[in-house]
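Numbering (my numbering), first residue to last: 11 to 383. For reference, the structure discussed in these notes is given below.
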Amino acid sequence: MAETRATEGLIPTIWDDQFSVEFYQTNPFAAYAGTGTTNPIVMKEDFASKQGNGITFEFITNLQRGAIKGKQPLRGHEDKLGEYGDKVNWDLRKKGISLHELDVDLAAIDLRKASKGALKTWADEDIKFEVIDRLQDVGQNLDVAYSEASAADKNTWHTNNKDRVLYGNSPSNYVTANHAASLANVSASTGKFTKESVSLMKRVALAARPRITPTSISESENRRFFICFVNSLMMRDFVASMNESERQQSVARRSEGMFLGGDREWDGVFVHEVDDMPILAGVGNSGANLAPALMLGQEALGWGIKSRYNSREQKDDYGQVTGLGMFGKWGMKKLGYTIGDAGRTVELNDGTLTNVVGKQRGLVTGYFAATGD
């Protein structure tokens with residue numbers, strides 16, 4: 011008996027008009043950004059309707075300890091106000107996708123919808139990556155990208171911020187005027203990021219001069235917090251360093267306004283996992299991989315916004331080509347004491363003097379082992 015078969019060339023292919031997109035971590039820094047100076051990331055939109063290429067941030071340091079007593083005249087013994095600042099410049103940032111009318115008609119999925127979604131994701135990620143990159147900046151003015159910085163740039167930052175950097179789990183890993191040698195002292199075995207590391211970084215932050223101001227959640231409770239961003243390998247080691255009771259306790263305060271999913275609290279520090287934090291390959295002891303831990307207090311990063319991201323559309327070639335674009339005018343910078351009295355010094359807890367100019371404002375930078383699974 012003869013059976014009729016479908017002709018190969020006439021068998022239709024059915025294309026699903028639905029599509030999925032690549033996963034990305036929603037900007038983990040968004041909850042820590044705001045217009046008030048108590049935020050780790052301070053946003054300023056003051057110049058949105060004004061002319062200018064940037065906006066300044068000003069900082070006042072504490073007066074020196076001690077008082078004039080008794081009959082000694084105050085005239086001639088006045089203290090000098092410590093006025094410093096930094097400037098955040100903005101630039102035009104943009105990304106576009108071009109679609110031809112014919113491709114839109116032929117595609118099984120809605121290319122316009124997919125393009126708009128992709129641009130929105132890009133804008134969100136662009137902000138996230140900029141925060142990560144700028145918090146690592148080095149140099150005298152804290153404006154040189156770490157990935158592009160020379161040894162001299164890194165050493166200058168390393169020296170200026172000796173009270174604001176930590177290499178592994180021992181302050182003795184710090185080598186004077188040599189960032190690379192300090193990294194080389196961090197080993198894969200003893201340089202893991204643990205609960206003790208968090209407490210040590212907090213002590214570094216509290217001992218820094220000028221002081222790094224914690225972020226307060228509740229004035230009535232007089233509680234102060236720092237925020238620490240780490241990559242997934244460091245979060246793994248941090249959680250592993252706790253016992254079961256400590257792990258449960260570290261996620262207990264979910265009612266806190268700054269507590270996000272995945273956060274853990276230890277010793278007054280919120281530790282937040284960031285998927286895209288970089289790894290510094292082979293820079294540690296015996297070629298160990300290291301990664302930065304970024305502990306933020308108030309005013310760690312400045313974000314000057316002329317205009318936030320917004321979408322635009324353009325028709326071309328008699329309407330055949332549609333361009334979809336995302337445009338923003340803003341800039342970020344690690345805030346520091348970069349403008350002010352270059353000769354003024356401050357005394358650290360160990361009795362040594364260090365210049366104020368060149369220090370990062372609200373940030374402790376740590377480097378720890380980032381060994382793969």
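Beta carbons are placed, not taken as given, at the ideal position from N, Cα and C, and that holds for glycine.
| query | result |
| --- | --- |
| State buried or exposed for S265, treating a residue as buried only when at least 16 other CB atoms are found within 10 Å of its CB. | Only weak support is given to the placement of S265: the predicted model assigns it a pLDDT of 48, under 50, and the question is left unresolved by the model. |
| Just how far apart, CA to CA, sit A352 and A128? | 46 Å |
| What are the start and end residues of the beta strand (DSSP E) that includes V281? | 279–283 |
| Suppose only complete runs of 4+ residues qualify. What are the alpha helix (DSSP H) ranges in the stretch 103–136, listed by chain order? | 111–116 |
| By the DSSP assignment, the alpha helix (DSSP H) with T166 in it spans what residues? | 161–170 |
| At what residues does the beta strand (DSSP E) containing K343 begin and finish? | 331–344 |
| If you draw a straight line from the C-alpha of R85 to the C-alpha of I78, how long is it? | 10 Å |
| Cβ of I65 within 8 Å of Cβ of V98? | yes |
| Do A310 and L373 count as a contact pair if the criterion is CB distance below 8 Å? | yes |
| Three-state secondary structure (DSSP) at Y328? | coil |
| Ordered along the chain, which non-local residues of its own chain (more than five positions away) have a Cβ less than 8 Å from that of M268? | Summary for M268: the model assigns pLDDT 48, below 50, so the residue's position carries little reliability; its value from the coordinates is reported in the next sentence. Closer than 8 Å at Cβ, skipping near neighbours: A41, Y42, T225, I227, F235, I237, F280. |
| So, S108 versus G329, is the Cβ gap smaller than 8 Å? | no |
| Of the residues R257, R318, H189, which one's Cα is nearest the Cα of G294? | H189 |
| Which whole-angstrom value is the C-beta distance of V208 and W100, which I expect to be below 8 Å? | Rounded, the Cβ-Cβ distance is 34 Å, inconsistent with contact. |
| Over what stretch of residues does the alpha helix (DSSP H) that includes E206 continue unbroken? | 205–217 |
| Once you ignore the five residues that flank F39 on each side, which residues in its own chain have a CB closer than 7 Å to its CB? | I51, K138, V141 |
| With 16 other CB atoms within 10 Å as the buried threshold, where does I70 fall? | exposed |
| How many Å lie between V114 and G19 at the Cα? | 25 Å |
| Short of 6 Å in beta carbon distance, which residues of its chain neighbour L243, apart from the five on each side in sequence? Order them along the chain. | A380 |
| Taking 8 Å as the cut-off, decide whether the C-beta atoms of Q308 and G346 are in contact. | no |
| Take G95 as the anchor and find which of G368, D286, G149, T45 has the nearest alpha-carbon. | G368 |
| Please classify N170: is it buried, with 16 or more other beta-carbons within 10 angstroms of its beta-carbon, or exposed? | buried |
| Does DSSP put F57 in a helix, in a strand, or in coil? | coil |
| Hey, how far is the Cα of K90 from the Cα of G178? | 37 Å |
| Tell me whether V367 sits in a helix, a strand or coil according to DSSP, three-state version. | coil |
| Tell me which residue opens and which closes the beta strand (DSSP E) that I244 is part of. | Correcting the residue type first, residue 244 is Met in the shown sequence and not Ile. Where M244 is concerned, there is no enclosing beta strand (DSSP E), although the alpha helix (DSSP H) it sits in stretches over 242–250. |
| If you follow the alpha helix (DSSP H) that A301 is in, where does it begin and where does it stop? | A301 -> not in any alpha helix (DSSP H); beta strand (DSSP E) instead, spanning 300–306. |
| What is the residue span of the beta strand (DSSP E) that A379 lies within? | 373–379 |
| If you compare alpha carbons, which of G382, M342, A217, L152 is closest to R174? | A217 |
| What does a CB cutoff of less than 8 Å around V196 pick up in its chain, not counting 5 residues either side in sequence? | Y177, G178, N183, G294, N295, A298, L300, Y377, F378, A379 |
| Tell me which same chain residues have a C-beta within less than 7 Å of the C-beta of K172, skipping the five on either side of it? | Y184, T364 |
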